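Okay, so here's the structure we're looking at.
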Amino acid sequence: MDDRLKQLLVLGREHYERREYDLAEHALRQIIEKTDRFADVYNMLGVILHERGDFLAAEAHFERAVQLNEHYTEALLNLAVTYNDLGKYEAARQVYSRIRRGEGEGGILDPFARGKIANMHADLAQAYADVGCAQEAIAELTRAVALCPTFVDLQLRLGTMYRDAGNLELAREHYAAARDANPKYAPARVLLGVALLSLGAPDQASAEWREALAIDPDNRTAKMYLRTLEAQRSGRTAAAESGDPAPAAAAGGTWDALDEATPTTVSDILSKTTADAAGETDRAAREGKP
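UniProt numbering puts the first residue of the sequence shown at 1, with every later residue one more than the last.
Below is the structure:
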């Protein structure tokens, strides 16, 4: 390698590490004019192009990086993400399978890699959900959760899908997992309370909503649910004392009854809560947190 090429490599990598992408690109393109044998040069150029939204050009550079080094995990991950961005979900799945095979029986150990792949599964789940393929969406989110069980938004989304599919027990499990992953995240407790009430456990639901209010005293949703549940209980008590039948909305202690008594629908709450959680999780994924 001549001295000029060495200087360009050092310069390009330094600018890239400092996220000075215009300067990095200038040096890196001079390198590929001289030689095309550096996989990391193609990967860095691919990242720069992807950052600009030029997914097709990024795809070509990542593919070249992988051709030069088929075990280049970072380039494989970047290629899979780019395929996903281009809607090439099957191609992304195949690249992901290559990564899994390369990691052996131990699975994907790097937290950043797990986060990236988990988000890919979540994106694919959304694509399936958008076309009405609920079971396929659940399967993809299950894979995402298996990779990153502490990602609150993934647990909440999977719980919501199970709830919509009528599986309240699994919905409760995933809402509880979201709560356990971040006990101070009040919306997870709100949704867990919803599931518990649906399963006929109003006392446990009330406890979760009260804890949500202890964390976030201004949580209007938890206040509304508690107020409505207490009104139902008061109605049952008054009916018992008078000997009259309890009102139908109060008798069951189920979420359906509570929902009828409130102006906010379950789907609205679920959508807002999972959206609120997504921001924190996206940051965690970028920072390489498990």
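We put the CB at the ideal spot given by N, CA and C, even for glycine. Remember, predicted model here, so these are calculated numbers, not experimental data.
Exercise. How about L79 and H121: do their beta carbons lie closer than 9 Å?
Worked result: Position 79 of the sequence shown holds residue 79. Position 121 of the sequence shown holds residue 121. No.
Exercise. How would you write the range of the alpha helix (DSSP H) that V145 sits in, first residue to last?
Worked result: As a working note, residue 145 is residue 145 in the sequence shown. Annotation: the continuous alpha helix (DSSP H) that includes V145 extends over A134 to L147.
Exercise. My guess is that A127 and Q155 are in contact by the Cβ rule of under 8 Å, so how many angstroms apart are they, rounded?
Worked result: Counting from one through the sequence shown, the residue named residue 127 turns up at place 127. Counting from one through the sequence shown, the residue named residue 155 turns up at place 155. Contact annotation, A127 with Q155: C-beta distance approximately 20 Å; criterion of less than 8 Å not satisfied.
Exercise. Using a C-beta cutoff of 9 Å, does A231 count as contacting chain D?
Worked result: The structure shown contains no chain D; it holds only a single protein chain.
For this session: Write down the C-beta distance between G193 and Y225 rounded to the nearest angstrom, noting that I regard them as a contact closer than 8 Å.
Result: Translated into positions along the sequence shown, residue 193 becomes position 193. Translated into positions along the sequence shown, residue 225 becomes position 225. Yes, they are in contact, since the Cβ atoms of G193 and Y225 sit about 7 Å apart, within 8 Å.
Problem set entry | Outcome for K34 when other beta-carbon atoms lying within 10 angstroms are tallied against a minimum of 16 | Within the sequence shown, residue 34 is the residue found at index 34, counting from 1. Under this definition K34 is an exposed residue.
For this session: On a CA-only basis, which of P149, L213, S234 and H174 is nearest G159? Give me that one, please.
Result: Indexing the sequence shown from 1 puts residue 159 at position 159. With distances taken between Cα atoms, G159 lies closest to H174.
For this session: Return the CA-CA distance between A195 and K223, expressed in angstroms with no decimal places.
Result: Indexing the sequence shown from 1 puts residue 195 at position 195. Indexing the sequence shown from 1 puts residue 223 at position 223. Taking the straight line from one Cα to the other gives about 16 Å.
For this session: Following the continuous alpha helix (DSSP H) through V10, name the residue where it begins and the one where it ends.
Result: Residue numbering aside, residue 10 sits at position 10 when the sequence shown is read from its first letter. In this chain, the alpha helix (DSSP H) harbouring V10 covers D3 to E17.
For this session: Look at A24 and Y72 and say whether their C-beta atoms are less than 9 Å apart.
Result: Stepping through the sequence shown from its first residue, residue 24 is reached at position 24. Stepping through the sequence shown from its first residue, residue 72 is reached at position 72. No.
Problem set entry | Ranges of the beta strand (DSSP E) found wholly within the UniProt repeat "TPR" (152-185), counting only runs of at least 3 | Within the UniProt repeat "TPR" (152-185), no beta strand (DSSP E) run of at least 3 residues lies entirely inside it.
For this session: Between the Cα of P202 and those of R233, P217 and A177, spot the shortest distance and give me the residue it belongs to.
Result: As a first step, residue 202 must be located in the sequence shown, where it is residue number 202. Of all alpha-carbon atoms in R233, P217 and A177, the one lying nearest the alpha-carbon of P202 is that of R233.
Exercise. Below 9 Å between beta carbons: does that hold for L86 and H61?
Worked result: As a working note, residue 86 is residue 86 in the sequence shown. As a working note, residue 61 is residue 61 in the sequence shown. In this structure, the beta-carbon distance from L86 to H61 does not fall below 9 Å.
Problem set entry | Status (buried if at least 16 other CB within 10 Å, exposed otherwise) for P187 | Position 187 of the sequence shown, counting from 1, holds the residue named residue 187. Looking at its Cβ environment, which holds 16 or more other Cβ atoms inside 10 Å, P187 is buried.
Exercise. Tell me which same chain residues have a C-beta within less than 8 Å of the C-beta of R5, skipping the five on either side of it?
Worked result: Within the sequence shown, numbered from 1, the residue matching residue 5 stands at position 5. A small fix is needed here, since residue 5 is Leu in this sequence, not Arg. Exclusion of the five residues before and after L5 leaves I31, K34 and T35 as the residues of its chain whose Cβ lies within less than 8 Å of its Cβ.
Exercise. For T228, which option in D2, A113 and S206 has the closest C-alpha, if you only look at C-alpha atoms?
Worked result: As a first step, residue 228 must be located in the sequence shown, where it is residue number 228. T228 has its Cα closest to that of S206, out of D2, A113 and S206.
Problem set entry | Local conformation of L55 per DSSP, three classes | As a first step, residue 55 must be located in the sequence shown, where it is residue number 55. What sits at residue 55 in the sequence shown is Phe, not Leu. Three-state DSSP puts F55 in a helix.
Exercise. Exposed or buried, A214, counting other C-beta atoms within 10 Å across all chains shown (16 or more means buried)?
Worked result: For the purposes of this step, residue 214 is taken as residue 214 along the sequence shown, with counting starting at 1. Exposed.
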